[in-house]
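Data first, discussion second: the structure below is written as structure tokens.
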Amino acid sequence: MPWELIFFYIIGAASVLCALGMVLAKNPVHSGIFLVLTFLNVAGIFVMLGAEFLAVIQIIVYTGAILILMLFVLMLVDPDDLPSFSSAAPLQRNLSLVLGVVLVLELAATIITRTALGGVGPDTPASIDSVGGNAQALGLRLYSDYLLAFEVTSLVLTVGVIGAVVLALPERLGERIQRRRDTISLAHPRGADGFLPAGPRGETPITTDIERDVAMQNAGRALIMTKDPDAYTRVGVRQGRPDANDAN
Amino acid sequence: MADQPIWVSFIVAFIVLNVLLISMAYMTWFERKVLAAMQDRVGPTRSGPHGLYQPLADAVKLLGKEDLVPAAADKWVFLFAPVAVFVAALTAASVIPFGGTLDLWGHEVNLFAADLNVGALFVLAVGSAGVYGIILGAWASANRYALLGGLRSAAQVISYELILGFSLVGIFILSGTLSLRGIMVEQSRSLEIGPLHISNWFILSQPLAFVLFLIAAVAETNRAPFDLPEAETELVSGFHTEYSGFRFSLYFLGEYINMIVVSLFASTLFLGGTDGPGADTYWALGLLWLFLKTIAFLFFYVWLRATLPRFRFDQLMGLAWKVLLPLALFNIFITALLRIIANGQLF
């Protein structure tokens, strides 16, 4: 048996097993790890097919950026707070089923036309070599034949970026002042803003002793903490781990 | 590239691997000596002449320590994570070219483990895969300081990898290849401007990209002044708080090997790799040039650590996204424009 075939079976089996592990793992972070391994194995298959550029880009984009951000979120969320599959809204569940079936049919159609029916794409190894490698060949195709699709994709991504900026936009100045009045941070140098008398504030610092005296007289408000002190010091509760309490 | 039997590649890779490990050990000695000199101390002196046996003693000490696993840790992830960092750091070295093709005892020997046609991107890809070792180890430790360090590391590496990648685009535009060997060969040509013969090192044609690369590389390897993931003043020691013994040493090895690989990478991309006087005739001289260039970068790393205080995290992210990224895009734009003008496609 040629070496390439043996390696293909090993990498292929590994990627299928990791994909299964990703679906079956109970802990979301473990699912994420299995997904990383699946991506790496699929990148290995790309390399064996001579598509090194695709393999490297897959690792940089999916493994290196997207999945890290997903893990980032998973590590901060308590797994108990995540919605379970069975409790999802019926619309959500049915929609995901339909989309899943469509994806499988799409992939099946591609595989049948390209492999079973023997159809070939426009590029051959000779044509790829003639432009200097598969990175160059991919670039030429992307920026000529598929330029429209490429630009539409970039538009979609721009919309995504704008959405993220809007979501993460700092609160308006009025809201920020209101919040600072309600929460007193004793250690923060500007935590004393709450001692100011009622009226427009935030922009006008206390400058004279008389102003300060007036401010201190009005400082009778109760201290409001965002969290009770016990929340910071409870023992045996850890973040993002399901089996926290049965470890001992 | 001459085809060579696979066992020759294995031998070259074996030698590269071992040289890297030994240089890593002596990198710690070099760092301590240089730091000591900068702080008016003497550094290690007790074991061996000039403290030269110190790295060996450290290694024995670390290997002899107990391998602790916290009771609440996710055991398998905790055990595996340091290995991922170590493996990723070593894998990146496999595409660094150490010279051309030699004729040794009747065999054609290539002085590199692999000449991937996307070598430069491969180093970036392996670097980004290496972050998993840090973030998973941090999570599996079940320790909040560690988790915070891991999250910082993930955010930092994603941001600075963008800068790292973009700073290389100018080089790709100028050299027309993604292969590290191709980039090195491109730089060994010499430009003739009138009576002057200037070597075509990319540091001369891409000075802005070089500065950006240098900053991003320091952040990418989690070194001072960007060592936020293990900021000991606030996070105990960050992502490896819970690690001890040889698993800690794997993280440690990974960090230093990353420094060496990034220095080799920078020398290859911007300083012509093995290019230098006499390197065409004697391959060993080429290796010497590469070694000296790499030492210069490593010295720069240590120098930074001795000089600059640590950044605050929002300053770190602000620097990446508000200063470095626009500069990198500007550099790409200018380089592409000049390239089009030089090709005569614009006018």
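Residue numbers (my numbering), protein chains in the order written: chain X, 461 to 708; chain Y, 3 to 349. Glycine included, every Cβ here is placed at the ideal spot set by N, Cα and C. As the structure is a prediction and not an experimental result, all values here were calculated from the model.
Based on DSSP bridge pairs, tell me the residues matched to residue i.
{"i": "Ser192/Y", "result": "Ser201/Y"}
If we cut at 9 Å on Cβ distances, does residue i have a partner in chain X?
{"i": "Glu222/Y", "result": "no"}
{"i": "Asn119/Y", "result": "yes"}
{"i": "Gly178/Y", "result": "yes"}
{"i": "Tyr245/Y", "result": "no"}
{"i": "Leu123/Y", "result": "yes"}
{"i": "Leu70/Y", "result": "no"}
{"i": "Ile160/Y", "result": "yes"}
{"i": "Ser130/Y", "result": "yes"}
{"i": "Gly375/Y", "result": "Nothing about residue 375/Y can be read from this structure; chain Y reaches only from 3 to 349."}
{"i": "Tyr147/Y", "result": "no"}
{"i": "Tyr134/Y", "result": "yes"}
{"i": "Leu153/Y", "result": "yes"}
{"i": "Val213/Y", "result": "no"}
{"i": "Asp76/Y", "result": "yes"}
{"i": "Trp323/Y", "result": "no"}
{"i": "Glu163/Y", "result": "yes"}
{"i": "Ala127/Y", "result": "yes"}
{"i": "Ile173/Y", "result": "no"}
{"i": "Ile137/Y", "result": "yes"}
{"i": "Val79/Y", "result": "yes"}
{"i": "Trp141/Y", "result": "yes"}
Should residue i be flagged as near chain Y, meaning a C-beta pair shorter than 9 Å?
{"i": "Val619/X", "result": "no"}
{"i": "Glu512/X", "result": "yes"}
{"i": "Thr584/X", "result": "no"}
{"i": "Ser645/X", "result": "Model confidence at Ser645/X stands at a pLDDT of 49, short of 50, so the residue's coordinates are unreliable; what they give is reported in the following sentence. No, no contact with chain Y."}
{"i": "Thr523/X", "result": "yes"}
{"i": "Val612/X", "result": "no"}
{"i": "Val626/X", "result": "no"}
{"i": "Asn487/X", "result": "yes"}
{"i": "Gly481/X", "result": "no"}
{"i": "Ile528/X", "result": "yes"}
{"i": "Ile571/X", "result": "no"}
{"i": "Gly651/X", "result": "For Gly651/X, the predicted structure reports a pLDDT of 48, less than 50, and the residue's modelled location is therefore unreliable. The matter cannot be settled from this model."}
{"i": "Leu500/X", "result": "yes"}
{"i": "Val591/X", "result": "no"}
{"i": "Met535/X", "result": "yes"}
{"i": "Ile470/X", "result": "no"}
{"i": "Phe532/X", "result": "yes"}
Indicate whether at least one CB of chain A lies closer than 9 Å to the CB of residue i.
{"i": "Gly504/X", "result": "Considering every chain present, this structure includes no chain A. Its protein chains are X and Y."}
Can you tell me which of the options puts its alpha carbon nearest to the alpha carbon of residue i?
{"i": "Ile519/X", "options": "Gln56/Y, Leu54/Y, Phe124/Y", "result": "Phe124/Y"}
{"i": "Leu292/Y", "options": "Phe100/Y, Ala90/Y, Ala233/Y", "result": "Phe100/Y"}
{"i": "Gly593/X", "options": "Ser181/Y, Leu266/Y, Ala156/Y, Ser96/Y", "result": "Ser181/Y"}
{"i": "Phe301/Y", "options": "Ala226/Y, Ile17/Y, Gly275/Y", "result": "Ala226/Y"}
{"i": "Ile136/Y", "options": "Arg307/Y, Phe80/Y, Ala344/Y", "result": "Phe80/Y"}
{"i": "Pro303/Y", "options": "Gly256/Y, Ala219/Y, Ala38/Y", "result": "Residue identity differs from the one stated: residue 303/Y is Tyr in this sequence, not Pro. Of the listed residues, the one whose Cα sits closest to Tyr303/Y is Ala219/Y."}
{"i": "Gly504/X", "options": "Phe467/X, Val483/X, Tyr522/X, Val533/X", "result": "Phe467/X"}
{"i": "Leu598/X", "options": "Val502/X, Glu512/X, Leu563/X", "result": "Glu512/X"}
{"i": "Ser130/Y", "options": "Val496/X, Val626/X, Ile622/X", "result": "Val496/X"}
{"i": "Ile24/Y", "options": "Asp277/Y, Arg43/Y, Gly256/Y", "result": "Gly256/Y"}
{"i": "Val133/Y", "options": "Ala91/Y, Ser169/Y, Tyr284/Y, Ile173/Y", "result": "Ala91/Y"}
{"i": "Thr118/Y", "options": "Val507/X, Leu617/X, Tyr522/X", "result": "Note on residue identity: the sequence assigns Leu, not Thr, to residue 118/Y. Comparing Cα-Cα distances from Leu118/Y to each of Val507/X, Leu617/X, Tyr522/X, the minimum goes to Val507/X."}
{"i": "Ala330/Y", "options": "Phe215/Y, Arg314/Y, Leu70/Y, Val10/Y", "result": "Phe215/Y"}
{"i": "Phe82/Y", "options": "Asn20/Y, Leu19/Y, Phe248/Y", "result": "Phe248/Y"}
{"i": "Leu500/X", "options": "Ile471/X, Pro550/X, Thr613/X", "result": "Ile471/X"}
{"i": "Ala86/Y", "options": "Gly50/Y, Leu206/Y, Ala140/Y, Leu176/Y", "result": "Ala140/Y"}
{"i": "Ser155/Y", "options": "Arg48/Y, Thr276/Y, Glu222/Y", "result": "Glu222/Y"}
(request) Can you check the stretch 564-606 of chain X for any beta strand (DSSP E) of at least 3 residues that lies completely inside it and give the ranges in chain order? (result) Those beta strand (DSSP E) runs which fall completely within the stretch 564-606 of chain X and span 3+ residues do not exist here.
(message) So, does the stretch 21-30 of chain Y touch the stretch 53-67 of chain Y, judging by three or more C-beta pairs under 8 Å?
(response) With a cut-off of 8 Å, the stretch 53-67 of chain Y and the stretch 21-30 of chain Y count as touching, because enough Cβ pairs lie within range.
(message) Give the list of continuous beta strand (DSSP E) stretches no shorter than 3 residues that lie fully inside the stretch 273-316 of chain Y.
(response) Taking only runs of at least 3 residues, no beta strand (DSSP E) segment lies wholly in the stretch 273-316 of chain Y.
(message) Does the contact criterion of 3 or more C-beta pairs under 8 Å hold for the stretch 144-161 of chain Y versus the stretch 67-78 of chain Y?
(response) The way I'd put it, the stretch 144-161 of chain Y does touch the stretch 67-78 of chain Y; three or more beta-carbon pairs between them come closer than 8 Å.
(message) Check whether the stretch 488-505 of chain X and the stretch 562-574 of chain X touch, using three or more Cβ-Cβ pairs below 8 Å as the test.
(response) Taking 8 Å as the limit for Cβ pairs, the verdict is that the stretch 562-574 of chain X does not touch the stretch 488-505 of chain X.
(message) Across the stretch 151-171 of chain Y and the stretch 312-321 of chain Y, are there enough close Cβ pairs to call them in contact, namely three or more that are closer than 8 Å?
(response) Three or more Cβ pairs closer than 8 Å define a contact, and the stretch 151-171 of chain Y meets that threshold against the stretch 312-321 of chain Y.
(request) Would you be able to state if there are at least three C-beta pairs under 8 Å between the stretch 218-233 of chain Y and the stretch 148-159 of chain Y? (result) Contact holds: three or more Cβ-Cβ distances are below 8 Å.
(message) Ignoring anything shorter than 4 residues, give me the alpha helix (DSSP H) runs that lie fully in the stretch 231-260 of chain Y, in order along the chain.
(response) Counting whole runs of 4 or more residues, the stretch 231-260 of chain Y contains the alpha helix (DSSP H) stretches 234-237.
(message) As an exercise, report each continuous alpha helix (DSSP H) stretch of at least 4 residues that is fully enclosed by the stretch 79-157 of chain Y, in chain order.
(response) Runs found: 121-142.
(request) With a floor of 4 residues, list each alpha helix (DSSP H) that falls wholly inside the stretch 477-544 of chain X, ordered by position along the chain. (result) Fully contained in the stretch 477-544 of chain X are the following alpha helix (DSSP H) runs of length 4 or more, in chain order: 488-508, 512-518, 527-536.
(message) Quick test of the definition: if touching needs 3 or more C-beta pairs under 8 Å, does the stretch 237-250 of chain Y touch the stretch 199-215 of chain Y?
(response) Touching, no.
(message) Measuring CB atoms only, is the stretch 64-74 of chain Y touching the stretch 258-266 of chain Y, in the sense that at least three cross pairs come out at less than 8 Å?
(response) Counting Cβ pairs under 8 Å, fewer than three are found: no touch.
(request) Take every Cβ of the stretch 264-275 of chain Y, pair it with every Cβ of the stretch 185-192 of chain Y, and state whether three or more of those distances are shorter than 8 Å. (result) Under the 8 Å Cβ criterion, the stretch 264-275 of chain Y counts as touching the stretch 185-192 of chain Y, having at least three qualifying pairs.
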